[in-house]
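S.K.: I am attaching a structure below and will ask some questions about it afterwards.
2 protein chains.
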Amino acid sequence: MREPFTYPNSAEQFKRAAKVIPSGVYGHLGPAEGCFIPVEAFPLFSSRAEGSYFWDIDGHRFIDYMCAYGPNILGYNDLDIEEAAAKQREKGDCTTSPSTVMIDFAELLVDTVASADWAFFAKNGNDVTTLAVMTARAYTHRKKIVFFKGYYHGVGAWTQKIDYAGVIEEDVHNNIYVEWNDIDAIEQVFAENKGEIAAVIAQPYMHGNFKDNELPGAGYWKRLRKMCTDNSTVLIVDDVRAGFRLDLAGSDHYFGFEADLICFCKAIANGYNVSALCGKDFLKNTVSSMSYTGSYWLSAVPFAAGIACIEKMKKLDCPKILIDKGTKLKKELIRAGAEYGFNLKVSGVPSLFYLRIANDDSLMLHQEWVAECVRRGVFFTNHHNHFINAALTDADIAETVDIAREAFSIVRDKNPE
Amino acid sequence: MREPFTYPNSAEQFKRAAKVIPSGVYGHLGPAEGCFIPVEAFPLFSSRAEGSYFWDIDGHRFIDYMCAYGPNILGYNDLDIEEAAAKQREKGDCTTSPSTVMIDFAELLVDTVASADWAFFAKNGNDVTTLAVMTARAYTHRKKIVFFKGYYHGVGAWTQKIDYAGVIEEDVHNNIYVEWNDIDAIEQVFAENKGEIAAVIAQPYMHGNFKDNELPGAGYWKRLRKMCTDNSTVLIVDDVRAGFRLDLAGSDHYFGFEADLICFCKAIANGYNVSALCGKDFLKNTVSSMSYTGSYWLSAVPFAAGIACIEKMKKLDCPKILIDKGTKLKKELIRAGAEYGFNLKVSGVPSLFYLRIANDDSLMLHQEWVAECVRRGVFFTNHHNHFINAALTDADIAETVDIAREAFSIVRDKNPE
Numbered sequence: 289m290r291e292p293f294t295y296p297n298s299a300e301q302f303k304r305a306a307k308v309i310p311s312g313v314y315g316h317l318g319p320a321e322g323c324f325i326p327v328e329a330f331p332l333f334s335s336r337a338e339g340s341y342f343w344d345i346d347g348h349r350f351i352d353y354m355c356a357y358g359p360n361i362l363g364y365n366d367l368d369i370e371e372a373a374a375k376q377r378e379k380g381d382c383t384t385s386p387s388t389v390m391i392d393f394a395e396l397l398v399d400t401v402a403s404a405d406w407a408f409f410a411k412n413g414n415d416v417t418t419l420a421v422m423t424a425r426a427y428t429h430r431k432k433i434v435f436f437k438g439y440y441h442g443v444g445a446w447t448q449k450i451d452y453a454g455v456i457e458e459d460v461h462n463n464i465y466v467e468w469n470d471i472d473a474i475e476q477v478f479a480e481n482k483g484e485i486a487a488v489i490a491q492p493y494m495h496g497n498f499k500d501n502e503l504p505g506a507g508y509w510k511r512l513r514k515m516c517t518d519n520s521t522v523l524i525v526d527d528v529r530a531g532f533r534l535d536l537a538g539s540d541h542y543f544g545f546e547a548d549l550i551c552f553c554k555a556i557a558n559g560y561n562v563s564a565l566c567g568k569d570f571l572k573n574t575v576s577s578m579s580y581t582g583s584y585w586l587s588a589v590p591f592a593a594g595i596a597c598i599e600k601m602k603k604l605d606c607p608k609i610l611i612d613k614g615t616k617l618k619k620e621l622i623r624a625g626a627e628y629g630f631n632l633k634v635s636g637v638p639s640l641f642y643l644r645i646a647n648d649d650s651l652m653l654h655q656e657w658v659a660e661c662v663r664r665g666v667f668f669t670n671h672h673n674h675f676i677n678a679a680l681t682d683a684d685i686a687e688t689v690d691i692a693r694e695a696f697s698i699v700r701d702k703n704p705e
Numbered sequence: 289m290r291e292p293f294t295y296p297n298s299a300e301q302f303k304r305a306a307k308v309i310p311s312g313v314y315g316h317l318g319p320a321e322g323c324f325i326p327v328e329a330f331p332l333f334s335s336r337a338e339g340s341y342f343w344d345i346d347g348h349r350f351i352d353y354m355c356a357y358g359p360n361i362l363g364y365n366d367l368d369i370e371e372a373a374a375k376q377r378e379k380g381d382c383t384t385s386p387s388t389v390m391i392d393f394a395e396l397l398v399d400t401v402a403s404a405d406w407a408f409f410a411k412n413g414n415d416v417t418t419l420a421v422m423t424a425r426a427y428t429h430r431k432k433i434v435f436f437k438g439y440y441h442g443v444g445a446w447t448q449k450i451d452y453a454g455v456i457e458e459d460v461h462n463n464i465y466v467e468w469n470d471i472d473a474i475e476q477v478f479a480e481n482k483g484e485i486a487a488v489i490a491q492p493y494m495h496g497n498f499k500d501n502e503l504p505g506a507g508y509w510k511r512l513r514k515m516c517t518d519n520s521t522v523l524i525v526d527d528v529r530a531g532f533r534l535d536l537a538g539s540d541h542y543f544g545f546e547a548d549l550i551c552f553c554k555a556i557a558n559g560y561n562v563s564a565l566c567g568k569d570f571l572k573n574t575v576s577s578m579s580y581t582g583s584y585w586l587s588a589v590p591f592a593a594g595i596a597c598i599e600k601m602k603k604l605d606c607p608k609i610l611i612d613k614g615t616k617l618k619k620e621l622i623r624a625g626a627e628y629g630f631n632l633k634v635s636g637v638p639s640l641f642y643l644r645i646a647n648d649d650s651l652m653l654h655q656e657w658v659a660e661c662v663r664r665g666v667f668f669t670n671h672h673n674h675f676i677n678a679a680l681t682d683a684d685i686a687e688t689v690d691i692a693r694e695a696f697s698i699v700r701d702k703n704p705e
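Chains as they are written, first to last, in the working numbering: chain E, 289 to 705; chain L, 289 to 705.
As structure tokens, this is what we get:
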């Protein structure tokens, strides 16, 4: 049996952080979001990262299934990406006139992503989901936006809930919320809001937090696509989280349809800071007419990294590798759980699998098990999908399953059937 | 006399860009914004940058007074900043748990910026101006925001004008617009909206585009600060553009007051991609309660670069250097203009000076002169403030004035008095 990790250095540094940073560590990397339960089981600060691992400041190595919550797709500090970035950095990064590497990157995306006739670059997922919604409103001269319950499209007030701090009624006044995978419900929304819906914004499948992830039902996307076309509504796919882990041509392509606008970020440049809105020709002039820019948006280094990342992903057939690795892991985790009487439910596409021990609706058993995994060097979180990266080896998977089995055994001992 | 530059490569690459990128080159780096008139006088793509120069893809070197529109404050590819960034990059950048370098950076900002009790990091200026406004609304439970005409606070719909593409009435419904430097006008706004104003958001002085920049009148900030306090309204200073070029302790400190929230970006890390909202203790819990994060936001390399940048700026007393250089340039440009009968008006703080030839209200003479400067290797733009960086030498200033004089002479020949 392994000795469970403790994190005295993390705890001490968190105290320092809490003095000068709201929440200490905020957002999905921090304990306040609710995925780190119990918080004592999780490291809070890393000292270095390489391949599929990171090391925390207490000296523990973790097999990392969060991948910086998506950006790490080829492995941390991938040499090809780092070399491309370094080469560009010597010439220039954030300069008064942009480098033509921006054009190269746009051409590569147009070439790679099936629904892309053009690309517009920014920095956050939120930058491009916001631009997508504004573009749809500008193009249609309509206001209403349809969201699917369980969605996450960033942190702009327009995409938050009315009871969230800082959000006012006007921000969300034109939002309509529909259940995912319920074709009658969305049909009814279109019927009740005839000629008023600017856009439908959706993740390629429901990969929300705190619940099993849900793939689209048979024919769902095809019918939804047709509904948008028939109603002259812009169909926006938010591929920020799933992008390049299902299909390099876009997750819409994976599910057999084409978005009008598709949002990328996270895995697009293996951790280098860039996002992209891609779209159809009929929306290009609208985007050109908008006032939308920011500091560093045309910086060259992330474009060079993005080119290297997409080229390497193509060469590797990266989504297939990730789905295969995820499928193998999924099968073995389920089997290991069953050995101890646990019904481990693994949902979503295996390259971004979501975990839940279904024996217990309170999720307490699940949280116990995740905590025991983390304390032994497998970084899972409780209520968020996970991410596979291409540097993950068969040995890593074997070690993960071994630790998971040990964790199942410990949780079983504490909670006899 | 110098041979004026031409840009066949830029023109050709722009055609490529326009096929796959809306507007070709968008935002303030592109020709569509209206600062590049006539567009043929300006390079559109750079091949490399170093110190105070960038080189375009037609082989011309420019003395760069735009500094990537602010980020370049110590000189492009500054060795100290690059070394700090490289050292961190080897360990890790965008990882599942953040590095403690985030805490070091927050502590340094709290130590440096007079009004900062804490720091919250993001990626764009727009991220932090948006967070500031949401924080003010969450804290005060009020909706209205006061803006000063000529403002720029990013590209969120809440900060755009109602006639901009993609903006709907609800986005700007609670916005109030007041003339800068008119104390009676702002007093009246407070009187008419008693208990309803969540925040006043202001740049430290009016450095808007398309008009002479305007410093605060005597006692203006003191009275405005008191008005906010008396009305329990949050005072937000948007120091994204001016930050660290007036005073390392914040531009509010430069003008003798303290903001409740202050927004930084651009010059904070010499081009590395990070922004920060700093603020007072009484707002920290409110920020902690908000749902606000993004991909890459806790990446370590920009924090390491930011620390190196602020430490070097402190060592150099950077704002003083920049203001001195700007003052010298300003005097000599004005003198050179006068030799040819031009009344060159230089407004704003000299480290981010704004230029206008005041002989001609149509601004045609001004645009002609700027074009002749650019065509000879001095990168000015027409209707936006400029930026000084610490790598700018006396020889650069002398060459700038020499080229400016030649440009004045050419414009005078074409437009006899």
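Just so it is clear, CB atoms sit at the ideal spot from N, CA and C, and this is done for glycine as well.
Quick one: give me the first and last residue of the alpha helix (DSSP H) that Ala626/L is part of.
M.R.: 606–627
S.K.: Let me make sure I understand the geometry here. Which of Phe543/E, Phe350/E, Ser298/E, Asp392/E has the alpha-carbon closest to that of Ala305/L?
M.R.: Asp392/E
S.K.: From Ala372/E to Ala407/L, what distance separates their C-alpha atoms?
M.R.: 32 Å
S.K.: Please tell me whether Cys553/E and Ser583/L are closer than 7 Å, where the distance is taken between their beta carbons.
M.R.: It is a contact, given that the beta carbons lie within the stated cut-off.
S.K.: Can you tell me which residues form a DSSP beta bridge with Asn463/E?
M.R.: Ile433/E
S.K.: Can a CB atom of chain E be found closer than 7 Å to the CB of Asn561/L?
M.R.: yes
S.K.: Could you pull out every residue in the same chain whose Cβ sits closer than 7 Å to the Cβ of Lys633/L, ignoring the five residues on either side in sequence?
M.R.: Asp500, Arg644, Ala646, listed in sequence order.
S.K.: Does DSSP put Val528/L in a helix, in a strand, or in coil?
M.R.: coil
S.K.: At a cut of 8 Å, does the stretch 612–627 of chain L reach the stretch 672–692 of chain L through at least three beta carbon pairs?
M.R.: yes
S.K.: Cα separation between Pro504/L and Phe435/E?
M.R.: Cα to Cα, the separation comes out at about 45 Å.
S.K.: For Ile471/L, count neighbouring C-beta atoms within 10 Å of its own C-beta (all shown protein chains included) and say buried if the count is 16 or more, exposed if not.
M.R.: Exposed, because fewer than 16 other Cβ atoms sit within 10 Å of the Cβ of Ile471/L.
S.K.: For a test of the three-state rule: what should DSSP assign to Arg533/E, helix, strand or coil?
M.R.: Correct three-state label for Arg533/E: coil.
S.K.: Could you list which residues in chain E have their beta carbon closer than 9 Å to that of Phe408/L, in chain order?
M.R.: Ile309, Pro310, Ser311, Tyr314
S.K.: What does Gln448/E touch in chain L if you count any residue whose Cβ is under 7 Å from its own?
M.R.: Ser579
S.K.: Under 7 Å between C-beta atoms, does Lys554/E make it to chain L?
M.R.: At a cut-off of 7 Å between C-beta atoms, Lys554/E counts as an interface residue with respect to chain L.
S.K.: Could you tell me if Lys613/L is buried or exposed, where buried requires 16 or more neighbouring beta carbons within 10 angstroms of its beta carbon?
M.R.: Buried, by the Cβ-count rule.
S.K.: Cα separation between Thr447/L and Ile609/E?
M.R.: Cα-Cα distance, rounded: 44 Å.
S.K.: What residues of chain E sit near Met422/L, judged by a beta carbon separation below 8 Å?
M.R.: Within chain E, the residues near Met422/L are Ala445, Ala453, Gly454, Val455.
S.K.: What whole-angstrom Cβ distance do Gly444/E and Thr423/E have, given they're in contact under 8 Å?
M.R.: About 14 Å separates the two Cβ atoms, so there is no contact after all.
S.K.: Mind pulling the chain L residues with CB within less than 7 Å of Val575/E?
M.R.: Pro310
S.K.: Please classify His429/E as buried or exposed, where buried requires at least 16 other C-beta atoms within 10 Å of its C-beta.
M.R.: exposed
S.K.: What residues from the stretch 316–338 of chain E come within 9 Å of chain A, judged by C-beta to C-beta, listed N to C?
M.R.: Checking the listed chains, one finds no chain A in this structure; the protein chains it contains are E and L.
S.K.: Counting C-beta neighbours from all protein chains within 10 Å, is the total for Glu291/E 16 or more, i.e. buried, or is it exposed?
M.R.: The residue in question, Glu291/E, is exposed, as its Cβ has fewer than 16 Cβ neighbours within 10 Å.
S.K.: Just curious, the beta strand (DSSP E) that Leu643/E is in, first and last residue?
M.R.: 642–645
S.K.: Does Asp344/E come out as helix, strand or coil in the three-state DSSP assignment?
M.R.: Strand at Asp344/E.
S.K.: Counting C-beta neighbours from all protein chains within 10 Å, is the total for Ile489/L 16 or more, i.e. buried, or is it exposed?
M.R.: With 16 or more Cβ atoms within 10 Å of its Cβ, Ile489/L is classed as buried.
S.K.: Using a Cβ distance threshold of 8 Å, determine whether the stretch 591–599 of chain L contacts the stretch 567–578 of chain L, with at least three qualifying pairs required.
M.R.: Flag = no, the stretch 591–599 of chain L and the stretch 567–578 of chain L do not touch.
S.K.: Just the chain E side, please: which residues come within less than 7 Å of Glu395/L by C-beta, in chain order?
M.R.: Val308
S.K.: Assuming Ser639/E is part of the beta strand (DSSP E), what are its boundary residues?
M.R.: Where Ser639/E is concerned, there is no enclosing beta strand (DSSP E), given that its DSSP letter is neither H nor E.
S.K.: Just how far apart, CA to CA, sit Phe478/L and Ile524/L?
M.R.: 16 Å
S.K.: Just curious, the beta strand (DSSP E) that Asp512/E is in, first and last residue?
M.R.: Here residue 512/E is Leu; the residue named in the question, Asp, does not match the sequence. No beta strand (DSSP E) contains Leu512/E, which is instead part of the alpha helix (DSSP H) from 508–518.
S.K.: Any C-beta of chain E sitting closer than 7 Å to the C-beta of Met601/L?
M.R.: Interface with chain E (7 Å Cβ-Cβ cutoff): Met601/L is excluded.
S.K.: Can you confirm whether Tyr584/E, when its beta carbon is compared against all beta carbons of chain L, has any partner nearer than 7 Å?
M.R.: yes
S.K.: For Ile595/L, tell me which candidate among Lys437/L, Glu370/L, Asn412/L, Gly636/L has the shortest Cα-Cα distance.
M.R.: Glu370/L
S.K.: If I'm right that Phe409/E touches His348/E with Cβ under 8 Å, what's the distance once you round it to whole angstroms?
M.R.: In fact, because the Cβ distance is near 37 Å, the residues do not count as touching under 8 Å.
S.K.: With the cut-off set at 7 Å, would you say Gly312/L and Ala555/L are in Cβ contact?
M.R.: no
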